[in-house]
Amino acid sequence: MLHLDHLYRVAFHLAKDQSEAQDLVQETFARSLAAYDQFKVGTNMKAWLTKILHNFFFDRYHQRNRWISEDDPIDQKSAYGKRLAAENPGPESHVLFRELNTQITGALRKIPEEFRTAIVLVDMSDFSYEEAAEILSCPIGTIRSRLSRGRRLLHQHLKDYLGVKKDRGSR
Amino acid sequence: MNCDEAQELITALVDQELRDPERGSLEVHITECARCRLAREEEQALKQAIRKAGQGILAPDGLRDSILSSPSIFPEEGRSARGWRDYIWPMAPMLRAALAIALLLALALPMFYLFKPTSEPIAFAALQTYDLFLRGELPLRRAENAKEIEAQLSSAVGGRFHPMGYDLSTMNLRPVAGLIREIQGRKILIAIYEGPGGSLFCYTFLGSEKDVPANAAKFFDADKKMNFYAFSRGGMNAVFHREGEVICILVSAMPMEKLVALAEAKAKPS
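Just so you know, the sequences run in chain order Y and A. For the record, in the first sequence the residue sitting at position 80 is 80 according to this note's numbering, with numbers rising by one throughout. For the record, in the second sequence the residue sitting at position 187 is 358 according to this note's numbering, with numbers rising by one throughout.
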């Protein structure tokens, strides 16, 4: 099935939960089928599917309770994070990660979603800045900024595993 | 260029997304600055490590089957396809992908024509009216308050149905006027919101999902068990939903995600 692993990978890092990720991917295929007449032949189907997935994720976790989350988005995110942490205390059992991979997956969970999403799209999914900006409906400069800040945060979480010579946080 | 200025540029350089003149300036700086050279090496190493970590995450085996057997994705035909699915699975990945697309098309096209709406003038009239408003060409009689608008609109249809109206104060929008239009013998009630948060039109009329434009994207809210349809034209976005026999279309220049969220948040299952 086209781009299934890619979509699952993105969904897994967005939702931070294996079961939620599967739901996201299933819904992505359902929505893409329903909206297939909107897909322009010759354009990037991987990006189109990813945008559908991201929009659904956004709808589900951010927009469903918009009137609540708009007033206090930080608390909402925090509560969501706490719930995920409680439900998912350890690494996923379905994949045997090597130590660094486990650390990276864990570190990605700790950084804000906007940074994590940019990293997953560009570093894991090989999207260009332009494609990532289209998927996330934001300017290209925002992608660059989120990647830079996100990688710095990741670096701080992973410095013990990456053999860092110097703390870049002090730059 | 100093190290702070170089920071974001290093990210773009590592991603091969940096062009001259920024690229040239950064390369000069990196030649002279050991700290930024180190930063570039570290960011490259991190990017590679992230990429490798991503490759270790694969869709669970059961996900593929559960998608193919999902009634909401592949109704009936998909579920009865297990026999030939077993046959094609050992095929080459490219061929499987091509077959998957062909299957999607084969299922999508009949559904598209089967459910293709037959009437859509109201939906586009909604966009046209809003366009007139944005251009300042829509004559309005401003109302004092929301109750006055509701009374004006309800009386226009003899109370047969009531205009949908929402408290949008958290979005810095308040009801400012009501408008009545008639299209193909159907009365359309329009509540107009305006404020520092922009503007929004809320259309209410009697109809069905046949009034959805053909090119609208359909979203299903599983919690409310309701369909929402999104469509756009010329920078204006619209979201259509049905509550019983009453149709509501929200039209605004605000981002589609925001408008869909608003419709979903405010809609009441019939």
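Backbone N, C-alpha and C define an ideal beta-carbon position, used for all residues, glycine too.
Taking C-alpha positions only, A:Ala294 is separated from Y:Arg116 by approximately 38 Å. Contact annotation: A:Val422 and A:Leu298 have beta-carbon atoms nearer than 9 Å. Looking only at Y:Leu136, Y:Arg146, Y:Ser32 and Y:His155, the smallest Cα-Cα distance to A:Ala183 is reached by Y:Arg146. In terms of Cβ geometry, A:Phe402 and A:Thr375 do not form a close pair [threshold 9 Å]. If you ignore the 5 residues before and after Y:Glu20, its C-beta comes within less than 8 Å of the C-beta of Ala11, all in its own chain and listed in chain order.
Bridge partners of A:Leu377 according to DSSP: A:Val417. Contact of A:Asn343 with chain Y by beta-carbon distance below 9 Å is absent, the smallest such distance being about 11 Å. Runs of the beta strand (DSSP E) spanning 3 or more residues and lying entirely within the region 195–234 of chain A do not occur at all.
The C-alpha of A:Pro346 lies about 30 Å from the C-alpha of Y:Phe56.
In the DSSP assignment, A:Arg306 falls outside any beta strand (DSSP E) and carries neither an H nor an E.
Two segments are said to touch when three or more pairs of C-beta atoms, one from each, lie closer than 8 Å; by this definition the region 126–136 of chain Y touches the region 40–54 of chain Y. Counted as a single uninterrupted DSSP element, the alpha helix (DSSP H) harbouring A:Val431 occupies residues Met427 to Lys437. Cβ-Cβ distances below 6 Å link A:Ile361 to Leu350, Phe372 and Tyr374 in the same chain, with the five nearest sequence neighbours on each side left out; the list follows chain order. Leaving aside the five residues that flank Y:Tyr8 on each side, the residues in its chain whose CB is nearer than 7 Å to its CB run, in chain order, Ala21 and Val25. By DSSP's assignment, A:Asp392 forms a beta bridge with A:Met397. Pairing A:Arg235 with A:Ser241, the inter-Cα distance amounts to about 10 Å. Y:Ala118 is a Cβ neighbour of Y:Gly150, given a cutoff of 9 Å.
Distance check between A:Ser379 and each of A:Met407, A:Ala409, A:Ala424 and A:Gly415 places A:Gly415 closest, using alpha-carbon atoms only. A:Asn408 sits in a strand when the DSSP states are folded into three classes. Taking 9 Å as the threshold, the shortest C-beta distance from A:Ala388 to chain Y falls below it.
Comparing alpha carbon positions, the residue from Y:Glu134, Y:His3 and Y:Ser32 closest to A:Lys389 is Y:Ser32. Between A:Gly406 and A:Ala387, the CB-CB gap reaches or exceeds 9 Å. Rounded to whole angstroms, the gap between the alpha carbons of A:Tyr400 and A:Ser326 is 28 Å. Distances from the CA of A:Pro292 to each of A:Lys358, A:Ala210 and A:Thr341 were compared; the closest alpha carbon is that of A:Lys358. In the displayed model, A:Glu319 falls within a helix according to three-state DSSP.
Counting along the chain, A:Ile351 sits inside the beta strand (DSSP E) bounded by residues Arg345 to Ile354.
Take the alpha-carbon of A:Glu193 and the one of Y:Asn101: they are about 33 Å apart. Interface residue (Cβ-Cβ distance to chain Y less than 9 Å): A:Lys358 is not classified as such.
Rounded to whole angstroms, the separation of the alpha carbons of Y:Leu153 and Y:Ile111 is 7 Å.
Between A:Lys223 and Y:Asp123 a beta carbon distance of about 10 Å is seen, past the 8 Å cut, so the two are scored as non-contacting. In this structure, the CA atom of A:Ser196 is about 12 Å from the CA atom of A:Cys204. Across the set A:Glu435, A:Thr341 and A:Val199, the C-alpha of A:Thr341 shows the shortest separation from the C-alpha of A:Glu365. In chain order, Pro139, Ile140, Thr142 and Ile143 place their CB closer than 8 Å to the CB of Y:Ala133, counting only its own chain and leaving out the 5 sequence neighbours on each side.
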